[in-house]
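Asks: Have a look at this one before I ask anything.
Residue numbers (the working numbering): 46 to 458.
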């Protein structure tokens, strides 16, 4: 006979713990706030690398000369006035160093090359400014590199360089070997061309602090106030709509107290995730909404499986006390719940360890949500059923929709 665990003894301590946890989250919300991403906050966002120039290229002549960089090579393409093209491809295997690349460029007439870094720098580690035109001209085109052995510039130094800009936000991303900074500046509505003017404010401060030759813009993005407001409304409607549909489904499958118990558990999971995001200052963006919806789906499936087992035990042993039937039902599904969570956790942890940026944040939010979802399915949802069925025998807990033993609900087990 399977050992019966007295889960009901921990219902009240579990609720006290959850209330304390949510109070802690409310404190975090009011003291730290939520680090809204560019999706939900109108403004400009720029990702930059602060790195010295490795090589400078410029061209004067009748040809159209363009530069491109791929995964395994870099190339220079020349096009004459009559449309005749010629490509010079420098793959990283045959041209591993900056010296090899510079020597190869010497064969292109009119192309001026100036090497400003060690000739042993690996060609594959060079990168350009995304805002620079790939078409070479008399204006200098630069390729940058992150020097090994030098003390890297940290987030505090960049914040200090941008200290003259009110409300600017700086975050370091990437690996130590491939680090970059995400700089965000909100649009307060006073700029006629906010995209252009906010970009100019940030770049002017960076150029003054580090020199334009040491700044490589990786990407830029701008979200207008109308779009960010619309997206926020859609996100609220999406999460709210999901909760309403789940309430209706659980009401149809069981009855009102089961349905409300499921919604309370899901709200608990959502609040815990938002609390975690607030305290860690993880960026709250559309990926975070996807993580919340994923956890809502996972948690409700877990909760429905538990509810099914509770109903089954009610049908089999209608004379038991409410807490007794809950303990028996939870004991029977406990192993299944833990194994399912751990199996899912293995994949999510792998996603966290081997990805970066938004996917890493997505995985971290899922890890927190999985733990919270498993806990809430057992202690939050079940406690609410116990609370609304207090003093009742098992047979009185469900007044409609009883199922015969062994009949399935459709939940994934």
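Beta carbons: idealized from backbone N, C-alpha and C, even for Gly. Here the structure is a predicted model, which is why all the values come from computation and not from measurement.
(1) Looking at the secondary structure, which residues open and close the alpha helix (DSSP H) in which residue 357 lies?
(2) How far does the alpha helix (DSSP H) with residue 307 in it extend, from its first residue to its last?
(3) Which class does residue 297 belong to by DSSP, given the choice of helix, strand or coil?
(4) List in chain order: all unbroken alpha helix (DSSP H) runs of 4+ residues lying wholly within the segment 115-166.
(5) Please go through the same chain and pick out, in chain order, the residues whose beta-carbon is closer than 8 Å to the beta-carbon of residue 413, but skip the five residues on each side of it.
(6) Which same chain residues, not among the five before or five after residue 292, have their C-beta less than 8 Å away from its C-beta?
(7) What separation, rounded to the nearest whole angstrom, lies between the Cα atoms of residue 57 and residue 364?
(8) Would you kindly work out how many angstroms separate the C-alpha atoms of residue 237 and residue 243, rounded to a whole number?
(9) Would you call the CB atoms of residue 299 and residue 354 closer than 8 Å?
(10) Is residue 264 helix, strand or coil by DSSP?
(11) Three-state secondary structure (DSSP) at residue 93?
(12) Just checking my contact of residue 228 with residue 328 at CB under 8 Å: how many whole Å lie between their CB atoms?
(13) Under DSSP, the alpha helix (DSSP H) around residue 100 begins and ends at which residues?
(14) State whether the segment 95-105 contacts the segment 171-187, with contact taken as three or more CB pairs (one from each stretch) at a distance under 8 Å.
(15) With a Cβ-Cβ cutoff of 8 Å, do residue 181 and residue 112 count as a contact?
(16) Go ahead and label residue 281 buried or exposed: buried means 16 or more other beta carbons lie within 10 angstroms of its beta carbon, across all protein chains shown.
(17) Apart from the five residues on each side of it in sequence, which residues of its chain come closer than 7 Å, Cβ to Cβ, to residue 348?
(18) Does the Cβ-Cβ distance between residue 119 and residue 150 come in under 8 Å?
(19) In terms of DSSP beta bridges, what is residue 189 paired with?
(20) Can you tell me where the alpha helix (DSSP H) with residue 224 in it begins and where it stops?
(21) Cα-Cα, which of 226, 239, 235 is closest to residue 251?
(22) According to DSSP, is residue 111 part of a helix, a strand, or is it coil?
Replies: With the structure as the only source:
(1) 331-361
(2) Note, residue 307: alpha helix (DSSP H), 301-325.
(3) helix
(4) Those alpha helix (DSSP H) runs which fall completely within the segment 115-166 and span 4+ residues are 143-150.
(5) 317, 318, 321
(6) 304, 305, 307, 308
(7) CA-to-CA, the gap between residue 57 and residue 364 works out to about 24 Å.
(8) Near 11 Å, if we compare the C-alpha coordinates of residue 243 and residue 237.
(9) no
(10) strand
(11) Of the three classes helix, strand and coil, the one that applies to residue 93 here is strand, per DSSP.
(12) With 8 Å as the limit, residue 228 and residue 328 do not qualify as a contact, their Cβ atoms being about 13 Å apart.
(13) No alpha helix (DSSP H) contains residue 100, which is instead part of the beta strand (DSSP E) from 98-104.
(14) yes
(15) yes
(16) exposed
(17) 307, 310, 422, 426
(18) no
(19) 98, 172
(20) That residue, residue 224, is in no alpha helix (DSSP H); it is neither H nor E in DSSP.
(21) The closest CA to that of residue 251, considering only 226, 239, 235, is found on 226.
(22) strand
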